[in-house]
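Let me begin by presenting the structure, written as structure tokens, before commenting on it.
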Amino acid sequence: MPIPQMERPAELMMWQGPLAAQGPREMRRYPTLRAALAAAAARADDPDALPWIVTEDGAVLTPHWIDGHAPRLAARPVRLPS
4 MPIPQMERPA
14 ELMMWQGPLA
24 AQGPREMRRY
34 PTLRAALAAA
44 AARADDPDAL
54 PWIVTEDGAV
64 LTPHWIDGHA
74 PRLAARPVRL
84 PS
């Protein structure tokens, strides 16, 4: 049985707004996309934090996508951009 996308590994990269040209400030691989989204959402109070997530399948989730979807993802699946 295939593993749902939300339960597959993902990498979270946190860029810092004014310092974005210097590369990501943090990079961490999470065991699930759900965990990476939770970590990104936990930084929502930092206006300069720009989270980007790359899924195991190579989908890139932008800060805008994360802002719009992370709160709803805790309980149900979502269709990721292709």
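Taking the working numbering as reference, the numbering of the sequence shown is continuous, increasing by one, and the terminal residue is 85.
Idealized CB from N, CA, C, for every residue including glycine.
A quick note: this is a predicted structure, and the numbers were derived from the prediction, not measured.
Judging by CA-CA distance, which residue of R32, Y33, E59, P66 is the nearest neighbour of R46?
Numbered from 1 along the sequence shown, position 43 holds the residue referred to as residue 46. Comparing Cα positions, the closest option is P66.
Please classify P54: does DSSP put it in a helix, a strand, or coil?
Taking the sequence shown and counting its residues from 1, one reaches residue 54 at position 51. In the structure shown, P54 sits in a strand (DSSP, three-state: E or B).
Leaving out the 5 sequence neighbours to the left and right, which residues in its chain are closer than 6 Å to W18 when beta-carbon positions are compared?
Working through the sequence shown from its first residue, we reach residue 18 at position 15. Hits under 6 Å: P27, L53.
For the beta strand (DSSP E) that R31 lies in, which residues bound it at each end?
The residue labelled residue 31 in the question sits at position 28 within the sequence shown. Segment 29-33, the beta strand (DSSP E) holding R31.
Roughly how many angstroms lie between the CA atoms of G61 and D49, to the nearest whole one?
Counting from one through the sequence shown, the residue named residue 61 turns up at place 58. Counting from one through the sequence shown, the residue named residue 49 turns up at place 46. In a straight line, the C-alpha of G61 is about 26 Å away from that of D49.
Considering A13, what are the terminal residues of the alpha helix (DSSP H) in which it resides?
Here the question's residue 13 lines up with position 10 in the sequence shown. Per DSSP, A13 lies in no alpha helix (DSSP H); the unbroken beta strand (DSSP E) holding it starts and ends at 13-19.
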